[in-house]
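Numbering (our numbering), first residue to last: 5 to 599.
First up is the structure itself, then whatever we jot down about it.
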Amino acid sequence: MSFEYIIEKDNSTKKLSTEEESILIKKISSKFSALNSERAHNLEMASNLANEIFFKNDFKSISDKSQKWKAKVKMCKTFMFYQTLKAFIWRNTYANVNSMFDVSGENHDSNNASNKQKAMLVDILEKMGYQRTCDQIIDHALLYGELISFTAWKKNYEEYRRPIDFFKNLFSSDVQKLPLILDAIAKGKNFWVDTKKIYDNPYIYPVNPADLVFDTSQKDNWDSCPKIYRTYKTPSEIINNKYYSFSEEEIEEIKKLVNDNSSKYLKTQDQIVKGSTVEVLEHWGDLKLSDGTLLKNWHAVVIGRKYLALFGKNEGIINPFSYGAFIVDPETKRGISPLYSVLSLAHFQEELLNRTCNLQALSENPPLLAPEGFFDEDEINLYPGKIIEYGDNLSPSAAFQQLTFNPGVFLQDISFLNDLMAEVSGIFPNMVGAVETTSSKTATEINTKTQGQMTRLSMIVDTINQDLIIPNVEKVAKLCADFKSGVETIFVNHENQQEVIEVDDFTRQGEYKYMYADSSMTTQKSEQADLVVQAIEKFASLIPLNLQEIFVWYFEQKGVDNPERFLGGVNAEINSTLPVNEITNVPQKKGVYYG
Numbered sequence: 005m006s007f008e009y010i011i012e013k014d015n016s017t018k019k020l021s022t023e024e025e026s027i028l029i030k031k032i033s034s035k036f037s038a039l040n041s042e043r044a045h046n047l048e049m050a051s052n053l054a055n056e057i058f059f060k061n062d063f064k065s066i067s068d069k070s071q072k073w074k075a076k077v078k079m080c081k082t083f084m085f086y087q088t089l090k091a092f093i094w095r096n097t098y099a100n101v102n103s104m105f106d107v108s109g110e111n112h113d114s115n116n117a118s119n120k121q122k123a124m125l126v127d128i129l130e131k132m133g134y135q136r137t138c139d140q141i142i143d144h145a146l147l148y149g150e151l152i153s154f155t156a157w158k159k160n161y162e163e164y165r166r167p168i169d170f171f172k173n174l175f176s177s178d179v180q181k182l183p184l185i186l187d188a189i190a191k192g193k194n195f196w197v198d199t200k201k202i203y204d205n206p207y208i209y210p211v212n213p214a215d216l217v218f219d220t221s222q223k224d225n226w227d228s229c230p231k232i233y234r235t236y237k238t239p240s241e242i243i244n245n246k247y248y249s250f251s252e253e254e255i256e257e258i259k260k261l262v263n264d265n266s267s268k269y270l271k272t273q274d275q276i277v278k279g280s281t282v283e284v285l286e287h288w289g290d291l292k293l294s295d296g297t298l299l300k301n302w303h304a305v306v307i308g309r310k311y312l313a314l315f316g317k318n319e320g321i322i323n324p325f326s327y328g329a330f331i332v333d334p335e336t337k338r339g340i341s342p343l344y345s346v347l348s349l350a351h352f353q354e355e356l357l358n359r360t361c362n363l364q365a366l367s368e369n370p371p372l373l374a375p376e377g378f379f380d381e382d383e384i385n386l387y388p389g390k391i392i393e394y395g396d397n398l399s400p401s402a403a404f405q406q407l408t409f410n411p412g413v414f415l416q417d418i419s420f421l422n423d424l425m426a427e428v429s430g431i432f433p434n435m436v437g438a439v440e441t442t443s444s445k446t447a448t449e450i451n452t453k454t455q456g457q458m459t460r461l462s463m464i465v466d467t468i469n470q471d472l473i474i475p476n477v478e479k480v481a482k483l484c485a486d487f488k489s490g491v492e493t494i495f496v497n498h499e500n501q502q503e504v505i506e507v508d509d510f511t512r513q514g515e516y517k518y519m520y521a522d523s524s525m526t527t528q529k530s531e532q533a534d535l536v537v538q539a540i541e542k543f544a545s546l547i548p549l550n551l552q553e554i555f556v557w558y559f560e561q562k563g564v565d566n567p568e569r570f571l572g573g574v575n576a577e578i579n580s581t582l583p584v585n586e587i588t589n590v591p592q593k594k595g596v597y598y599g
């Protein structure tokens, strides 16, 4: 197939020659392999962490009696840290779509339309199941330390079955479907199956960091930074993709890739064929050709490292990838999971626990001293009930003497490692409902420790908000502004009341700023509100106060929407400026609300 591109300098169109196409395929393929090998250490770290979290490092079965008795207990500490941190992130970031972000206008008109814009975005995120997407992204991030998503347009269809008269009325003016329905009625059919569109909006996909490589030297300019994304698709998905172009010969060769089990592709380090799927490499960002031509915001797709399926300008306009990292490796510039910090400590603690269990077993059935001549080797393997020989130099009174062991020798070390892992990771026992039973602390010490703990965890939450959620919202809004038109009706359930919102092009194309609530600031505002109310109580009997304003302000600081709805209308003007004690001391009369 021949591909064309436009040179921006003179706006001329140029065809990609067969030789240039071949060079481009090799360049994208080799670039992926090179960038992937550069972060091999990061992938190994993630693999080791995943094996420990998901119980793949099971103890090997041992048949030797002298070794089989030893304890093989898995403490699953990394799994606990994984689950706890994920639960904390869920609770503080994506538990509620509506509270994930706020929208404000950059000008007066846009600010007036900001509520409609947010309602539209919340509706789209809820319909796409964004919380499930976040679940998968966080799962990847806790292993690889990177938050990556891909935003594109998606259309979903589903079949539905109804009585055939329903479709006869529905498609009464459809010249294509109506004859088919009438023919089915003539044949005596009572039901009909049709297809309807159930989703036609931007969609956010989770990306496994292991499948995305990029030029880390250009990461600061993320939109233009060359990125290569690896996916695996069936030959049918590849061939039937309306955006891809193949010759008949290429189509047949792609089909044979999966069927050829002896293919050389299966033997390469980079797995090109995986089961019944074929590797697809997508290049996004700026692309430099062999002749030095720089193509900006370009999209190229290579199938099986052999066929160029797509070569053209990014039709979606936006950079579809959002990227963030919890911890950045200073050498590879790729992410590292914060959970990796406790991996070796967890292994060591597990080893000490098993040693403690071994000592306990030896104490319950201790080894004995026995006459010399039973052992051929100098090294003795101990196990419960072991008999140990003694020589002529021992007195008979020492024969069959039990050995003693101290099972509690490692208990203090195990407890110390518990505290150390909590301090290293920032994930403390109180986050999983456990009670810390270490040395007694004063209230000030406990408060200082809690604030320090929350500060570290707030950094993780803010990274997710800054680098994932807000960029995702911005990309969805941009796609809606660029690719949707007309009036759209959105049904919003606000406080159990149905509300209809109409969104038009003016709303979608407004200039907005997307923000998230700082989790640490939210906590500080709540604590400050309590302090202010306590101070107000001291002055309530001395000066007149606007009690309703205080009430509304207090609940707003606590995160309650529209607290005015709790206020009654009777005697509002009278009581709003009275001192607190004059209001609260007024006796209540039946049917009358005071305050």
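Glycine residues also receive a C-beta, built at the ideal position from the N, C-alpha and C atoms.
The region 95-102 in contact with the region 359-368 per 3-pair CB rule at 8 Å: no
Limits of the beta strand (DSSP E) - the one that Val305 falls within: From DSSP, the beta strand (DSSP E) with Val305 extends over 298-307.
For Glu560: DSSP bridge partner residues: The partner list for Glu560 (beta bridge, DSSP) is empty, contrary to what the question assumes.
Every unbroken beta strand (DSSP E) inside the region 191-241 [3 residues or more]: 195-210, 216-218, 231-237
Coarse secondary structure for Val277, derived from DSSP in three states: strand
Rounded Cβ spacing between Ile232 and Ile242 (contact assumed at less than 8 Å): Going by Cβ atoms, the distance from Ile232 to Ile242 rounds to 17 Å, so no, they are not a contact pair.
Three-way DSSP call (helix, strand, coil) for Trp73 in this model: Correct three-state label for Trp73: coil.
Three-state secondary structure (DSSP) of Gly430: coil
Counterpart residues of Lys292 in DSSP-defined beta bridges: Leu298
DSSP three-state assignment for Ser114, whether helix, strand or coil: helix
Among Ser118, Leu349, Val496, Leu261, the one whose alpha carbon lies nearest that of Ser280: The residue with the shortest Cα to Cα distance from Ser280 is Leu261.
Simplified DSSP state of Val491, which is helix, strand or coil: If DSSP states are grouped into helix, strand and coil, Val491 belongs with coil.
7 Å Cβ shell around Gly316 - same chain, five flanking residues per side excluded: Closer than 7 Å at Cβ, skipping near neighbours: His303.
Endpoints, alpha helix (DSSP H) assigned at Glu56: 44-57
Buried versus exposed, by CB contacts within 10 Å (16 or more), Ile66: exposed
Three-way DSSP call (helix, strand, coil) for Phe85 in this model: helix
Within 8 Å, strictly: CB atoms of Thr459 and Gly328: no
Sequence ranges, beta strand (DSSP E) only - wholly within the region 92-152, length at least 3: 106-109
Short Cβ contact (8 Å threshold) for Lys76 with Asn358: yes
Burial state of Asn497 (16 or more Cβ within 10 Å): Exposed is the call here.
Range of the contiguous alpha helix (DSSP H) that encloses Leu366: Unbroken alpha helix (DSSP H) run through Leu366: 347-368.
Own chain partners of Asn61 with C-beta closer than 7 Å, once the 5 adjacent residues on each side are dropped: Asn55
Which listed residue (Val282, Ile340, Ala188, Asn225) has its alpha carbon closest to that of Pro2: Here the chain has residues from 5 to 599 only, and residue 2 is not among them.
Supposed contact pair Pro206 and Cys484 - C-beta distance, whole angstroms, cut 8 Å: 7 Å
Any 3 or more C-beta pairs closer than 8 Å across the region 167-187 and the region 501-516: no
Given 8 Å, three or more beta-carbon pairs between the region 77-84 and the region 124-131: The region 77-84, when compared against the region 124-131, does not touch it at the 8 Å Cβ threshold.
Under 8 Å between C-beta atoms of Tyr518 and Phe105: Cβ distance < 8 Å, so Tyr518 and Phe105 count as in contact.
Residues of its chain near Glu24, where Cβ-Cβ distance is below 8 Å and the 5 sequence neighbours each way are ignored: The residues are Leu293, Ser294, Asp295.
Cβ-Cβ separation, Leu285 to Ile32 (assumed contact under 8 Å), whole Å: 6 Å
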